[in-house]
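Structure, as structure tokens:
Residue numbers (our numbering): 12 to 266.
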């Protein structure tokens, strides 16, 4: 069943009041999906409440729907995960955000790392972020989430360091830790986290993080860790981390 995120705030009378969709969502429902009266879809309100609604009217420029039932199942990770990625080359950030959204990330923060080959000027950054937000929304709809992850404008490394105090835990994926055989820090950190905690996981670009950057990250209290014995690509490592977090909190433990 198709899912749409809507901007209209949920009214106290949402179960009895018609909900009107227009513009892009109207076009998608009527022209792309070719839905008809009686078809049902999911609607997600800004407060992350999702419902099943039935099409009751199709006009020339809008669709009217009525509530059928509330969605009960929990779709979001029980902890809030922020993925900070050193700017990678090409469209790798598109891939990280698309797949990271499907895997449950709450926030994405691209940052300019020492080894980032890609440089975004202000004009390019605004266009890129707009595109990434669209990718994230489509991935959230496809994966039946109740939340569209937020995507930050590109930050400097110094700005990234200043975020450390905003999280209950901060991890840094570092390939040298994998080479040295360190395997405990990631699991230890997850074991300490409680539901609703916030965790930041930092990943370098293709060239990794410099020794100076690692030193600065440690200095502000972040924990260096490996993600197993293999060296992962910059677009693979965030997905590994999110999958492991999902397994730890959603499949391996009773809530």
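Don't be surprised by glycine CBs; every beta carbon is placed ideally from N, CA and C.
Opposing strand residues paired with residue 65 [DSSP bridges]: 51 and 77
Same chain, Cβ closer than 6 Å to residue 213, neighbours up to 5 away in sequence not counted: 95 and 183
Beta-carbon contacts of residue 127 that lie in its chain and below 7 Å, excluding the five residues immediately before and after: 97, 98 and 216
Cβ pair residue 120, residue 141 closer than 8 Å: no
As assigned by DSSP and simplified to three states, the class of residue 211: strand
For residue 136 and residue 219, the rounded distance between their alpha carbons: 22 Å
Top-ranked residue by Cα proximity to residue 284, from 256, 251 and 245: Because residue 284 is not part of the residues shown, which for the chain are 12 to 266, the question remains open.
Opening and closing residue of the alpha helix (DSSP H) in which residue 142 lies: 133 to 153
Residue 91 beta carbon less than 8 Å from that of residue 209: yes
Integer-rounded CB distance, given that residue 174 should sit under 8 Å from residue 211: 7 Å
Length-filtered (3 minimum) beta strand (DSSP E) runs lying within the segment 163 to 188: 180 to 184
Exposed unless 16 or more other CB atoms sit within 10 angstroms - verdict on residue 266: Note on residue 266: pLDDT 46, under 50, position unreliable in the model; the coordinate value appears next. So residue 266 counts as exposed.
Cα-Cα separation between residue 249 and residue 108, rounded to whole angstroms: 9 Å
Simplified DSSP assignment, three categories, for residue 91: strand
Proximity test, residue 43 beta-carbon vs the ligand COA heavy atom, cut-off 7 Å: Questions concerning the ligand COA fall outside what the structure shown contains, since it holds no ligand whatsoever.
Environment of residue 197 [buried if 16+ CB atoms lie within 10 Å]: buried
Nearest-angstrom beta carbon gap, residue 14 and residue 155 [assumed within contact, 8 Å]: 6 Å
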